[in-house]
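Residue numbers (the numbering used here): 6 to 487. C-beta atoms are modelled at their ideal positions from N, C-alpha and C, and glycine is treated no differently. Here the structure is a predicted model, which means the values were calculated and not measured.
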């Protein structure tokens, strides 16, 4: 229920949503937009590059979400179709971040023209909140990864040398160095860790998180202790499988021929590409296992385009040997629709946060195979909650096919997996009972921010930050920005 002060605003509030350029970020922003629209208190504008917006135009139109194009300055080797992380070769990531930063004056102009009542932004672009603050627009950070990962990350920043207080969440040595390398990486002279810290600092008194308190309450509280920002959960924000288009119906038709709970779905998200070694070990594990499977394989655009095919990538003869129980799909498959299918009994996942949320929503046990960044932390949380089991690597991070087969068989058909399967089903039931209860709270919090900002404007107050450089059309006053 909305407070009286919120109702006194007298009109719908205009909210500009601005995700980072990854599909794993655009999708939760879009799902949150759809939920906020349904409260009947907001008009929603979603800003991204044409490369990202082209994939969501129909959905946005159906949901009355207005799309705003942000055009990036051209950089060598980064054509407009790669102004997204979807299938972006890893060697171009720093270039994409540089192009994104360079578009900050364009974003400032969007703010001035639109004059939204509120900005909801992503962690990688603290300059967006600064530009909004300079013209009196409140901003809220939306964390699209887990609160567990966010608290762990800020613990590393602020409590160096001290053990993380939750022993079930940790990095193995080979995982930690990968995360450290990524966070220390630079674009435009700025480390990712500095972007993240400033992104949180620039948010209002709250941050939104794609989560719910029943699974991450203690981690959200610890994040608040570390940062001073109160975490407001928005729920799992899972795509409704009934609203997924009818592409790839052949996959569903194939799945229809299997028995209930007999099949695993294997997918590693839109941004991670398997190494040749990992790919071969996963294939070996699937061949050794006794279950049916649907495996989605992706290859990066540009670098390998037209060179690598599924047949070339997989071990020789693999497709023929598994043809009666395995289906390999290149590029994309309707993940939510597949996970919601009664014949799916497990999800071999990298443990990207959106994938974890989908598995919880549909009651599918997770065979955790984390690769990098937040995924190891999310995998440990899945194990802590009893919703899956992790495929262990050796001390150097090398994946082993027999371990893949062992965990797949345990989770999907083995007696050892009975508890995991039961807990996954209970989680799905609990989420159905909860419904969208978080969204009313979120809407009330956002309306209060809008109301307070409007009261300050009436009183002549205005935020003052270094982002006034944006408003004057100047470049970002940070070393290395051009």
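Under 9 Å between C-beta atoms of residue i and residue j
i	j	result
residue 213	residue 239	yes
residue 145	residue 451	yes
residue 361	residue 386	yes
residue 57	residue 20	no
residue 267	residue 296	yes
residue 409	residue 370	no
residue 291	residue 322	no
residue 47	residue 448	yes
residue 124	residue 133	yes
residue 70	residue 50	yes
residue 139	residue 304	no
residue 269	residue 403	no
residue 76	residue 110	no
residue 393	residue 429	yes
residue 149	residue 358	yes
residue 152	residue 221	yes
residue 334	residue 319	no
residue 171	residue 224	yes
residue 274	residue 346	no
residue 210	residue 236	no
residue 122	residue 455	yes
residue 391	residue 434	no
Residue i burial status per 10 Å Cβ neighbour count (16 or more: buried)
i	result
residue 15	exposed
residue 66	exposed
residue 407	exposed
residue 53	buried
residue 317	exposed
residue 363	buried
residue 18	buried
residue 194	exposed
residue 264	exposed
residue 166	exposed
residue 336	exposed
residue 63	exposed
residue 287	buried
residue 453	buried
residue 84	exposed
residue 1	Limits of the chain in this structure are 6 at one end and 487 at the other, which puts residue 1 out of reach.
residue 23	buried
residue 529	Lying before the first or after the last residue shown, residue 529 is absent from the chain, which here runs from 6 to 487.
residue 103	buried
residue 436	buried
residue 200	buried
residue 233	exposed
residue 443	buried
residue 90	buried
residue 366	buried
Which residues DSSP lists as bridging residue i, in chain order
i	result
residue 47	18
residue 126	23, 146
residue 297	268
residue 213	147, 237
residue 302	335
Closest Cα partner of residue i within the set the options
i	options	result
residue 101	336, 78, 170, 318	78
residue 526	36, 372, 73	For residue 526 there is no data in the structure shown, the boundaries of the chain being 6 and 487.
residue 177	424, 190, 376	376
residue 106	234, 88, 329	88
residue 202	73, 215, 188	188
residue 82	98, 423, 433, 389	98
residue 80	108, 74, 246	108
residue 61	169, 41, 34	34
residue 378	85, 294, 157, 389	157
residue 395	359, 168, 351, 246	351
residue 329	262, 366, 301, 380	262
residue 184	159, 207, 208, 206	159
residue 72	427, 90, 39, 104	39
residue 27	327, 155, 277	277
residue 533	173, 258, 423, 433	Here the chain covers residues 6 to 487 and nothing more, so residue 533 does not appear.
residue 173	382, 74, 42	382
residue 142	162, 241, 120	120
residue 299	324, 280, 282	324
residue 246	136, 339, 181	339
residue 389	162, 175, 36	175
Check: residue i C-beta below 8 Å from any heavy atom of the ligand GDP
i	result
residue 80	In the structure on display, the ligand GDP does not appear, and there are no ligands present to speak of.
### Query
Of all the beta strand (DSSP E) runs that stay within the bounds of the region 22–100, which reach a length of 3 or more residues?
47–53, 71–74
### Task
Please go through the region 133–201 and give each complete alpha helix (DSSP H) segment of 4 or more residues, from N-terminal end onward.
152–163, 178–189
### Message
Threshold first: 3 residues or longer. Then list the beta strand (DSSP E) segments lying entirely within the region 307–392, N to C.
### Response
331–335, 349–354, 371–373
#### Entry: Those runs of the alpha helix (DSSP H) which lie wholly inside the region 394–440 and span at least 4 residues
406–417, 423–439
#### Entry: Runs of alpha helix (DSSP H) wholly within the region 229–266 (minimum 4 residues, chain order)
254–261
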